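Note sheet for the following structure.
Protein chains: 2
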Amino acid sequence: MDIKKYLEEKKKIVDAALEGCFPNTDATGCETGYPSSLYQAMRHSLFSGGKRIRPILSIAAFEAVGGKGDKILPFACGLEMIHTYSLIHDDLPAIDNDDYRRGKPACHKVFGEAIGILAGDGLLTKAFELMTKHSFGDQEIILNIVNEIARASGISGMVGGQVADIESEGKEVDFPTVQYIHTHKTGALILASVRTGVKLGGGDEETLKAFTHFGERIGLAFQIVDDILNVEGKAELLGKSTGSDLFKKKATYPSLLGIEESRRRAAELMESGIDLLNPFGPEVEPLKEIARFVIRRES
Amino acid sequence: MDIKKYLEEKKKIVDAALEGCFPNTDATGCETGYPSSLYQAMRHSLFSGGKRIRPILSIAAFEAVGGKGDKILPFACGLEMIHTYSLIHDDLPAIDNDDYRRGKPACHKVFGEAIGILAGDGLLTKAFELMTKHSFGDQEIILNIVNEIARASGISGMVGGQVADIESEGKEVDFPTVQYIHTHKTGALILASVRTGVKLGGGDEETLKAFTHFGERIGLAFQIVDDILNVEGKAELLGKSTGSDLFKKKATYPSLLGIEESRRRAAELMESGIDLLNPFGPEVEPLKEIARFVIRRES
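In order, the protein sequences belong to chains A and B.
Under the working numbering, the first residue of the first sequence is numbered 749, with each subsequent residue one higher.
Under the working numbering, the first residue of the second sequence is numbered 749, with each subsequent residue one higher.
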């Protein structure tokens, strides 16, 4: 299959759905329900060229287990909104203090810190509004999915990982801590994306289990590759400066294990993740290809 | 009825339920699921002597329409977590830059800005995790409630109002803008608290309508009283400095209409709100008393 074409097609669908949530109209204040600057700030970060990996993973998993139609889209969009909010808050001066993101000035650089914080808050909250809006008769499953996404995004997931990441800066940390950071900061939401697709698509317990192990491996591999790219990626492809992890003395796989060993582990995780999907039919091909793409990517 | 005793009793129930969500154990890092500092920061703000007005309103409305048992508690707690997150983010240097809250140092003053931002994010996300955790067979209603709470907290509600508030600082603003700020920044979540109780308690459409108009009036009155207290309240009772609105040239009722007219309008809103509940029986007495308390309060 042509994974590039697949990713482009799915990205278009996700982008169109996100546009539907935040249409590009000239929102000018109170009458529209919220102030224009907030709206522009959310759009700035939401439409800044993200690869839409999380929503596409959720769609691919949904379709792999036989899910049909558009009912995955509110969750696909919700996952991307949560991911985007986390990037906006991460980039803030008080946290990672990054000026650029995907080749554009970070949200707070354009709109100021206050609007940056509130645009993040707004996107996070909007995700939960969107995911609980339509029920399609699957209320029990939807509550279960929203609960899992909240857990993966919060203190036992992404937020917890982010705090551990910040607190490990400049310290000698052990391997379990780096793994904690990776599996929580990045892995949890990627895993939740895969599981959301399986649950909403009607996959059985056995399938959910296999896809879960796949999602865990891909989530960890994704963050290891991120760390490798921060060391030796091309800034013009990444759209942000490289070397920042080293500068901030971040706890990463390359800093603990070196580049070669990190690359080997990421490839191993990817391969073993793909193997777990072998018992399934050709419907899982896109998921496997996404896994390979995650390792190969240069940005 | 003895409203002071009622509020104390309900506060105890809410506090115990919140303790159940964030037990005061010595959480020390990765093994507990999230870093200790994050956990302490959330507890610092969550247990800093809040009056629990929103959760108590939801419980009072729930019981007023005949709701029984504990199933309101996850929503009561969720509403308080969302309120607390909003206070933590509001107090940040980039937003209102307040050093004190309820007589204690603000979250970011104790734990630093990064942890302050992430503690807010964690509380907001935890609220949605909690509210979707148990379904009690009322999945349809719960999805509807969570959706309304998300809407009330987000860009069309609290976050939108907060942005309008910030952007109005130091400017000449008109009365509709002040009303927009008040109804969104504070009113929306108070209204959602009342409506949550009615919906979960099984109130019919007619009841929901009456309680909604009550909630709108009380929400607006609450913020007007807040503004009045900022001008002439006692700092030692409020636990924060007064006069900050004037200093920051905030758009408030007192700044536009003066203290006396603001006080008159708050009382009028309270009285007309209470009148709307007159057709109901003695079960609505607590709600009426809470409304009177909202006006009378000195902190």
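The beta-carbon is built from N, C-alpha and C at its ideal position, and this holds for glycine as well.
Fair warning: this is a prediction, and the values are worked out from it, not measured in the lab.
> Looking at C-beta atoms only, is the number of pairs between the stretch 803-816 of chain B and the stretch 756-764 of chain B that lie closer than 8 Å three or more?
Replying inline: yes
> Between which two residues does the alpha helix (DSSP H) carrying A/Ile938 extend?
Replying inline: Along the first sequence, one-based indexing puts residue 938 of chain A at 190. Unbroken alpha helix (DSSP H) run through A/Ile938: Ala936 to Gly949.
> Using a Cβ-Cβ distance under 7 Å, would A/His837 count as near chain B?
Replying inline: Position 89 of the first sequence, counting from 1, holds the residue named residue 837 of chain A. It does; some Cβ of chain B falls within 7 Å.
> Quick one: is A/Ser793 buried, meaning 16 or more other Cβ sit within 10 Å of its Cβ, or exposed?
Replying inline: Taking the first sequence and counting its residues from 1, the one referred to as residue 793 of chain A is at position 45. Buried is the call here.
> Helix, strand or coil: which one does DSSP assign to B/Lys852?
Replying inline: The residue given as residue 852 of chain B occupies position 104 in the second sequence. Strand, per DSSP.
>> Would you say B/Gly870 lies against chain A (beta-carbon separation less than 7 Å)?
In response: Start at 1 with the first residue of the second sequence, and residue 870 of chain B comes out as number 122. Closer than 7 Å: yes.
> In chain order, what residues of the stretch 894-906 of chain A put their CB closer than 7 Å to some CB of chain B?
Replying inline: Val894, Asn895, Ala898, Arg899, Ser901, Gly902, Ile903 and Ser904
>> I'd like to know if the stretch 977-994 of chain A and the stretch 1029-1040 of chain A are in contact, where contact means that at least 3 CB-CB pairs between them fall below 8 Å.
In response: no
>> Along the chain, where does the alpha helix (DSSP H) containing A/Leu1017 start, and where does it finish?
In response: On the first sequence, position 269 is the one that residue 1017 of chain A refers to. First-last of the alpha helix (DSSP H) with A/Leu1017: Ile1007 to Leu1024.
> Are the CB atoms of A/Leu891 and B/Thr880 nearer to each other than 7 Å?
Replying inline: Taking the first residue of the first sequence as 1, we reach residue 891 of chain A at position 143. Taking the first residue of the second sequence as 1, we reach residue 880 of chain B at position 132. Going by C-beta atoms, A/Leu891 is nearer than 7 Å to B/Thr880.
>> Are the CB atoms of A/Cys825 and A/Leu866 within a distance shorter than 7 Å?
In response: If you number the first sequence from 1, residue 866 of chain A lands on position 118. If you number the first sequence from 1, residue 825 of chain A lands on position 77. For A/Leu866 and A/Cys825, no; Cβs fall outside 7 Å.
> Along chain A, which residues have their Cβ under 8 Å away from the Cβ of B/Lys881?
Replying inline: Residue mapping note: residue 881 of chain B aligns to position 133 of the second sequence, counting from 1. Simply Asn895.
> How should A/Gly995 be labelled, buried or exposed, when 16 other C-beta atoms within 10 angstroms of its C-beta is the threshold for buried?
Replying inline: To locate residue 995 of chain A, count along the first sequence from 1; it is residue 247. Residue identity check: residue 995 of chain A is Phe in the sequence provided, not Gly. Classification of A/Phe995: exposed, given that the 10 Å Cβ count is below 16.
> So is B/Ala862 in contact with chain A if we call contact Cβ pairs under 7 Å?
Replying inline: Translated into the one-based positions of the second sequence, residue 862 of chain B becomes position 114. It does; some Cβ of chain A falls within 7 Å.
> Name the chain A residues that come within less than 7 Å of B/Lys874, Cβ to Cβ?
Replying inline: Reading the second sequence from its first residue, position 126 is the one you call residue 874 of chain B. What B/Lys874 touches in chain A: Gly902 and Ile903.
>> Suppose the cutoff is 8 Å on Cβ atoms and the five residues either side in sequence are ignored; what does the same chain contact list for B/Glu779 look like?
In response: For the purposes of this step, residue 779 of chain B is taken as the residue at position 31 of the second sequence. Note that B/Glu779 has pLDDT 44, beneath the 50 cutoff, so the model's placement of it is unreliable and the number below is only indicative. Within the same chain, B/Glu779 has no close Cβ partners at all.
>> Distance check for B/Glu984 and B/Lys852, CA to CA, integer angstroms please.
In response: In the second sequence, the residue the question calls residue 852 of chain B occupies position 104. In the second sequence, the residue the question calls residue 984 of chain B occupies position 236. For B/Lys852 and B/Glu984, the gap between their C-alpha atoms comes out near 11 Å.
>> Is it buried or exposed, A/Glu964, if we count other Cβ atoms within 10 angstroms and call 16 or more buried?
In response: Within the first sequence, the letter at position 216 stands for residue 964 of chain A. Classification of A/Glu964: buried, given that the 10 Å Cβ count is 16 or more.
> Is it right to say B/Asp839 is buried, meaning 16 or more other beta carbons lie within 10 angstroms of its own, or is it exposed?
Replying inline: In the second sequence, counting from the first residue as 1, residue 839 of chain B sits at position 91. When all chains shown are included, B/Asp839 counts as buried.
>> Measuring straight from C-alpha to C-alpha, what distance separates B/Glu1019 and B/Ala969?
In response: As a position in the second sequence, residue 1019 of chain B is number 271, starting the count at 1. As a position in the second sequence, residue 969 of chain B is number 221, starting the count at 1. Spanning the two alpha carbons is a distance of roughly 10 Å.
> Grouping DSSP H, G and I as helix and E and B as strand, with all else coil, what is B/Asp886?
Replying inline: Numbered from 1 along the second sequence, position 138 holds the residue referred to as residue 886 of chain B. Three-state result, B/Asp886: coil.
> Mind pulling the chain B residues with CB within less than 7 Å of A/Leu1017?
Replying inline: Reading the first sequence from its first residue, position 269 is the one you call residue 1017 of chain A. Here the premise fails: no neighbours, minimum Cβ distance about 20 Å.
> When the distance is taken between beta carbons, is B/His930 closer than 7 Å to B/Gly905?
Replying inline: Counting from 1 along the second sequence, the entry for residue 905 of chain B is found at position 157. Counting from 1 along the second sequence, the entry for residue 930 of chain B is found at position 182. No, Cβ-Cβ distance for B/Gly905 and B/His930 is not below 7 Å.
> Since B/Ile843 contacts B/Ala789 with CB under 8 Å, what's their CB separation in whole angstroms?
Replying inline: Here the question's residue 843 of chain B lines up with position 95 in the second sequence. Here the question's residue 789 of chain B lines up with position 41 in the second sequence. Actually they are not in contact, since the Cβ atoms of B/Ile843 and B/Ala789 sit about 17 Å apart, beyond 8 Å.
>> Classify B/Phe884: buried if its beta carbon has 16 or more other beta carbons within 10 angstroms, exposed otherwise.
In response: As a position in the second sequence, residue 884 of chain B is number 136, starting the count at 1. B/Phe884 comes out exposed.
> Taking the continuous alpha helix (DSSP H) assigned at A/Arg965, which residues delimit it?
Replying inline: For the purposes of this step, residue 965 of chain A is identified with residue 217 of the first sequence, where counting begins at 1. First-last of the alpha helix (DSSP H) with A/Arg965: Glu953 to Glu980.
>> I want to verify the contact list: residues of chain A whose CB lies under 9 Å from the CB of B/Ile890, in sequence order.
In response: Along the second sequence, read from residue 1 onward, the residue named residue 890 of chain B stands at position 142. Within chain A, the residues whose beta carbon sits less than 9 Å from that of B/Ile890 are Thr880, Gln887 and Leu891, listed in sequence order.
> Going along chain A in order, which residues have a C-beta closer than 8 Å to the C-beta of B/Pro783?
Replying inline: Translated into positions along the second sequence, residue 783 of chain B becomes position 35. The answer, in chain order, is Gly908, Val911, Ala912 and Glu915.
> Does the beta carbon of B/Leu866 sit closer than 7 Å to a beta carbon anywhere in chain A?
Replying inline: By one-based count along the second sequence, residue 866 of chain B stands at place 118. With 7 Å as the cut-off, B/Leu866 counts as an interface residue toward chain A.
> Can you tell me whether A/Asn895 is buried or exposed, with buried defined as 16 or more other CB within 10 angstroms of its CB?
Replying inline: As a working mapping, residue 895 of chain A is identified with position 147 in the first sequence. The residue in question, A/Asn895, is buried, as its Cβ has 16 or more Cβ neighbours within 10 Å.
>> Using beta carbons (cut-off 7 Å, strictly below), is B/Ala1014 in contact with chain A?
In response: As a first step, residue 1014 of chain B is located in the second sequence; it is residue number 266 there, counting from the start. So, not an interface residue.
>> Considering Cα atoms alone, identify which of B/Ala900, B/Ala999 and B/Ala898 is closest to B/Glu917.
In response: Stepping through the second sequence from its first residue, residue 917 of chain B is reached at position 169. Nearest option by C-alpha distance: B/Ala999.
>> Taking the straight line between their C-alpha atoms, what separation do you get for B/Ala920 and B/Ser1010?
In response: As a working mapping, residue 920 of chain B is identified with position 172 in the second sequence. As a working mapping, residue 1010 of chain B is identified with position 262 in the second sequence. The sequence as given places Glu at residue 920 of chain B; Ala does not occur at that position. About 18 Å.
>> Looking at the secondary structure, which residues open and close the alpha helix (DSSP H) in which B/Thr990 lies?
In response: The residue you call residue 990 of chain B lines up with position 242 of the second sequence. It is not in any alpha helix (DSSP H) - B/Thr990 carries neither H nor E in the DSSP assignment.
> Closer than 7 Å, CB to CB, is A/Ala842 near chain B or not?
Replying inline: As a position in the first sequence, residue 842 of chain A is number 94, starting the count at 1. Taking Cβ atoms only, chain B reaches closer than 7 Å to A/Ala842, which makes this a yes.
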